[in-house]
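K.L.:
This is the structure I have questions about; it appears just below.
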Amino acid sequence: MPQESRSLLARSLPVVGVAYLVFLATQPPPARWVGLGCLVVLAPFAVGWTLGRFAGVGPWSDGN
1 MPQESRSLLA RSLPVVGVAY LVFLATQPPP ARWVGLGCLV VLAPFAVGWT
51 LGRFAGVGPW SDGN
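For reference, each letter of the sequence shown is one residue, going 1 to 64 in UniProt numbering.
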């Protein structure tokens, strides 16, 4: 799918999702543990997405 055809929602979903998990991690337990657990699982994917988006490496790069 070309990068231009992606909607604003599709482009911002990873950022909004990680921001929500950070918000959960700042709340009192048990929400804190859910947020931290999800961040631990998703952190490698978030780093990979960031590297692909901004450095052009990995499976999330635009291929140019």
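Every residue gets a Cβ at the ideal spot worked out from N, C-alpha and C, and that includes glycine.
DSSP three-state label for V34, please.
P.N.:
Residue numbering aside, residue 34 sits at position 34 when the sequence shown is read from its first letter. Three-state DSSP puts V34 in a helix.
K.L.:
Please report how far the alpha carbon of V40 lies from the alpha carbon of L8, in whole angstroms.
P.N.:
By 1-based counting over the sequence shown, the position of residue 40 is 40. By 1-based counting over the sequence shown, the position of residue 8 is 8. Cα-Cα distance, rounded: 26 Å.
K.L.:
Which one of W49, P59, A55, G56 has the shortest CA to CA distance from V15?
P.N.:
Within the sequence shown, residue 15 is the residue found at index 15, counting from 1. Among W49, P59, A55, G56, the Cα nearest to that of V15 belongs to W49.
K.L.:
Return helix, strand or coil for V57, following the three-state DSSP convention.
P.N.:
Along the sequence shown, read from residue 1 onward, the residue named residue 57 stands at position 57. Looking at V57 - three-state DSSP - the assignment turns out to be coil, as it is neither helix nor strand.
K.L.:
Got a sec, what are the start and stop residues for the alpha helix (DSSP H) G17 sits in?
P.N.:
Indexing the sequence shown from 1 puts residue 17 at position 17. From DSSP, the alpha helix (DSSP H) with G17 extends over 8-25.
K.L.:
Determine the direct distance from the alpha carbon of S61 to that of G37, and round the result to whole angstroms.
P.N.:
In the sequence shown, residue 37 corresponds to position 37, counting from 1. In the sequence shown, residue 61 corresponds to position 61, counting from 1. When rounded, the distance between both Cα atoms is 27 Å.
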